[in-house]
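For reference, the structure is listed below as structure tokens.
2 protein chains.
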Amino acid sequence: MTPRIDALQYANWSERIFRQMRAGGVDAVHVTIAYHENFRETVLNIESWNRWFERFPELIVQGFAAEDIDLARQTGRTAIFLGAQNPSCIEDDIGLVEVLHRLGLRFMQLTYNNQSLLASGCYEAEDTGLTRMGREVVAEMNRVGMVIDMSHSGERSTLDAIAHSTRPIAITHANPAGWHPALRNKSDRVLHALAESGGMLGFSAYPHHLRGGSDCTLAEFCEMVARTADLMGVSRIGIGTDLCQDQPDSVVDWMRSGRWTKARDYGEGGADNPGFPPMPEWFRDNRDFGRIETGLREVGFSVEDVAAIMGGNWARYFAQSFGNLNHGRREAAQ
Amino acid sequence: MTPRIDALQYANWSERIFRQMRAGGVDAVHVTIAYHENFRETVLNIESWNRWFERFPELIVQGFAAEDIDLARQTGRTAIFLGAQNPSCIEDDIGLVEVLHRLGLRFMQLTYNNQSLLASGCYEAEDTGLTRMGREVVAEMNRVGMVIDMSHSGERSTLDAIAHSTRPIAITHANPAGWHPALRNKSDRVLHALAESGGMLGFSAYPHHLRGGSDCTLAEFCEMVARTADLMGVSRIGIGTDLCQDQPDSVVDWMRSGRWTKARDYGEGGADNPGFPPMPEWFRDNRDFGRIETGLREVGFSVEDVAAIMGGNWARYFAQSFGNLNHGRREAAQ
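Heads up: the protein sequence lines correspond to chains W and G, in order.
Position one of the first sequence corresponds to residue 1 (our numbering), numbered consecutively onward.
Position one of the second sequence corresponds to residue 1001 (our numbering), numbered consecutively onward.
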């Protein structure tokens, strides 16, 4: 059977949520562990995850290589792959890419809305593309096996990353801008380039990325998936719900404003709706993946295509992207 | 064939030294990566090692598990196992034990001469034994598979660690105080307790630990080994040269004085000989392990015993101590 994989969640983690992952048959999740955190703060968040892994070894297991998805399935657990939504975790030090990869970081966004040391975010007025350090870090991420995620990046930076990276990159959580023209959603040009390079798009169920917001219906969402499959090919798409379950609104403030402004940035929201928007009724938590699966069947996808979209494509992409723990060690002298 | 292992070196690393390791047939070395460094500084030193591993994959490979000694032998390389001589690298945060273990730290001294957060050093007037945090950290090191090294610790703290640890501890680089009564050398009481618990002693070739200092002869050194084998049993001893090759004297100042004093501490030296002492003529660098092997044969050890002392005992101890990278992951749900 094909695994069920979610390529982006950032929940207020708890035993309850881990049990919902099991109830929903979710075999692997890419979880965000840092936004604006510096290296030491990111390590503190890794320490928190180490405690979850120690406390709930019957529910979750840390994923380091794609094979760990199989391990998770065989042992009835969910494999948790760590990622960062901003490169603040590597500070100004390229050596931290390998260090964080060793600790399990398998995804890193080059930007989170704003200009970073590496590239431009989707909310900047000017997008300068990859910086000098950005090109170096992309090469280093390629070397160690860390996915370049451009979900929150500007158009030019994203096209630059697709062109410069020797491994296919990912947009783990966004939807086509042609369907819903949010700054965070992606143009057909980006989606074409992403698909042609072998990259992956994960469809977001976060209301600000949905036409109609929280009121978007499952049928509308699945129709959007079908149109994107026509555009990119069914092998280039998956799910990346952006589920921010049980988070207090103080967390969305941290995500948007970090320490870069003394004011309050509303990001995709606004002064009238500053908090987390309510999720659509058809996707409340990890137990609802079956509903998306049913919805995809109902808009005409075959059983095989649904399996690919619900996890098979991500599983293949993870295997291509992460290498394995012994990468370069056993082969070096042979 | 039995591997050749050195349980402590802290050289000014270079391609030349790595080539000398190969020329000397050294299959594994425990290298010190930090003395008084805090966590972030220790990570910088790990980054430096990552660069060595990337630059010289035909000479060295990072050791994570005892099996990596076999990998190194099969591929004609030296396995490098990382260690810290002080717990400053974990700061006041027990979660950093697992983090540093994941990054490859396989040894940590609970103290370096002075009182630490964990235990008392051999130069303190009062030895309080393991502290509250010390007992917690010993248990955590036991859990993840990091060796408790008491080479620079006080007597009571060392006996406490032996008693409290559920895995045999090590004294990677010291000699019997009964042979040469330096503060850094160990009493028969400690050596007895260490041997009975299944722990290991690594014999140091550092002049301050040798009777006669730099003038100590190979025969005298090997006689000392033979007397210690009588005391501890031949299965409890190995080599831990404390080779500090090519280091400038500024480094021994850092080792001794760190940031804990504004004055200059002379450690085992003195105002009249503040720098690194010259190594004995029979052990200049990694190419001289064959001379120790010959010397041990000449004081009457059998071929088998020499092989055990030169590496076989450490290989067994590493296998007992480190666990493997998948420790706890594959077994948890079974």
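Just so you know, even glycine gets a beta-carbon here, dropped at the ideal spot from N, CA and C.
All values reported here derive from a predicted model rather than from experimental measurement.
Measure the beta-carbon distance from residue i to residue j and round it to whole angstroms, keeping in mind my assumption that it falls under 8 angstroms.
| i | j | result |
| --- | --- | --- |
| residue 42 of chain W | residue 307 of chain W | 34 angstroms between Cβ atoms; not a contact. |
| residue 1102 of chain G | residue 1081 of chain G | Actually they do not touch by this definition, with Cβ atoms about 14 angstroms apart. |
| residue 1336 of chain G | residue 1036 of chain G | Examination of residue 1336 of chain G is not possible in this model, given that chain G is present from 1001 through 1334 alone. |
| residue 96 of chain W | residue 39 of chain W | 6 angstroms |
| residue 1232 of chain G | residue 1210 of chain G | The Cβ separation is near 18 angstroms, so there is no contact. |
| residue 1224 of chain G | residue 1176 of chain G | 7 angstroms |
| residue 1238 of chain G | residue 1309 of chain G | 6 angstroms |
| residue 1005 of chain G | residue 1314 of chain G | 4 angstroms |
| residue 1031 of chain G | residue 1009 of chain G | 5 angstroms |
| residue 1149 of chain G | residue 1166 of chain G | That pair is no contact at about 16 angstroms. |
| residue 1011 of chain G | residue 1244 of chain G | 6 angstroms |
| residue 129 of chain W | residue 119 of chain W | 7 angstroms |
| residue 1219 of chain G | residue 1295 of chain G | 7 angstroms |
As a quick exercise: from the options, pick the residue whose alpha carbon is nearest that of residue i.
| i | options | result |
| --- | --- | --- |
| residue 1090 of chain G | G/1075, G/1073 and G/1111 | G/1111 |
| residue 69 of chain W | W/120, W/39 and W/7 | W/7 |
| residue 59 of chain W | W/76, W/127 and W/95 | W/76 |
| residue 1228 of chain G | G/1246, G/1178 and G/1183 | G/1178 |
| residue 1034 of chain G | G/1134, G/1045 and G/1024 | G/1045 |
| residue 1266 of chain G | G/1123, G/1032 and G/1100 | G/1123 |
| residue 1108 of chain G | G/1217, G/1066, G/1084 and G/1022 | G/1084 |
| residue 251 of chain W | W/243, W/238, W/234 and W/276 | W/276 |
| residue 253 of chain W | W/273, W/162 and W/27 | W/273 |
| residue 1024 of chain G | G/1286, G/1221 and G/1279 | G/1286 |
| residue 242 of chain W | W/71, W/212 and W/184 | W/184 |
| residue 127 of chain W | W/148, W/158, W/319 and W/98 | W/158 |
| residue 132 of chain W | W/161, W/113 and W/71 | W/161 |
| residue 249 of chain W | W/140, W/53 and W/264 | W/264 |
| residue 1319 of chain G | G/1012, G/1029, G/1066 and G/1061 | G/1066 |
| residue 1192 of chain G | G/1284, G/1170, G/1088 and G/1217 | G/1170 |
| residue 181 of chain W | W/262, W/104, W/207 and W/172 | W/207 |
| residue 1293 of chain G | G/1125, G/1064 and G/1203 | G/1203 |
| residue 1300 of chain G | G/1141, G/1194, G/1245 and G/1230 | G/1230 |
| residue 1214 of chain G | G/1281, G/1295 and G/1303 | G/1281 |
| residue 1051 of chain G | G/1013, G/1139, G/1205 and G/1029 | G/1013 |
| residue 94 of chain W | W/55, W/74 and W/134 | W/134 |
| residue 1186 of chain G | G/1151, G/1197 and G/1219 | G/1151 |
| residue 1221 of chain G | G/1054, G/1297, G/1022 and G/1143 | G/1297 |
| residue 1022 of chain G | G/1289, G/1323 and G/1049 | G/1289 |
| residue 1174 of chain G | G/1113, G/1136 and G/1219 | G/1113 |
| residue 1189 of chain G | G/1212, G/1198 and G/1155 | G/1155 |
| residue 74 of chain W | W/48, W/136, W/26 and W/55 | W/26 |
| residue 18 of chain W | W/78, W/100, W/49 and W/54 | W/78 |
| residue 268 of chain W | W/295, W/256 and W/144 | W/256 |
| residue 1196 of chain G | G/1088, G/1283, G/1015 and G/1234 | G/1234 |
Which stretch, first to last residue, makes up the beta strand (DSSP E) that contains residue i?
| i | result |
| --- | --- |
| residue 18 of chain W | Per DSSP, residue 18 of chain W belongs to no beta strand (DSSP E); it is in the alpha helix (DSSP H), 15–23. |
| residue 107 of chain W | 105–109 |
| residue 1008 of chain G | 1005–1009 |
| residue 1159 of chain G | That residue, residue 1159 of chain G, is in no beta strand (DSSP E); its alpha helix (DSSP H) goes 1155–1164. |
| residue 1201 of chain G | 1200–1203 |
Could you give the first and the last residue of the continuous alpha helix (DSSP H) run that contains residue i?
| i | result |
| --- | --- |
| residue 1082 of chain G | From DSSP, residue 1082 of chain G is part of no alpha helix (DSSP H) but of the beta strand (DSSP E) over 1078–1084. |
| residue 97 of chain W | 95–102 |
| residue 1322 of chain G | 1313–1322 |
| residue 195 of chain W | 188–196 |
| residue 294 of chain W | 289–298 |
| residue 1305 of chain G | 1303–1307 |
With hydrogens ignored, establish whether the beta-carbon of residue i is closer than 7 angstroms to any heavy atom of the ligand ATP.
| i | result |
| --- | --- |
| residue 1171 of chain G | Because no ligand of any kind appears in the structure shown, any question about the ligand ATP cannot be addressed here. |
Of the residues that make up the region 1018–1047 of chain G, which ones have a beta carbon closer than 8 angstroms to any beta carbon in chain W? 1039, 1040, 1043, 1044, 1046 and 1047
When you check each C-beta in the region 1197–1215 of chain G against every C-beta of chain W, which residues fall closer than 7 angstroms? none
At a CB distance below 9 angstroms, what residues from the region 259–293 of chain W approach chain G? Give them in sequence order. none
Quick one: complete beta strand (DSSP E) runs, 3+ long, within the region 1028–1068 of chain G? 1028–1034 and 1060–1062
Residues from the region 91–120 of chain W in contact with chain G, defined by Cβ distance under 8 angstroms: 93, 95, 96, 98, 99, 102, 103 and 104
If contact means a Cβ-Cβ distance below 9 angstroms, which residues of the region 1137–1153 of chain G contact chain W? 1143
Whole alpha helix (DSSP H) elements within the region 1212–1259 of chain G, 4-residue minimum: 1218–1232 and 1249–1257
Contact residues within the region 69–88 of chain W, judged by C-beta distance below 7 angstroms to chain G: 71, 75, 76 and 77
May I have a chain-ordered list of the beta strand (DSSP E) segments no shorter than 3 residues that lie completely inside the region 118–152 of chain W? 147–149
Taking a Cβ distance cut-off of 9 angstroms, strictly less, list which residues of the region 296–316 of chain W are near chain G, in chain order. none
Residues of the region 1171–1188 of chain G with a CB closer than 8 angstroms to any CB of chain W: list them in chain order, please. none
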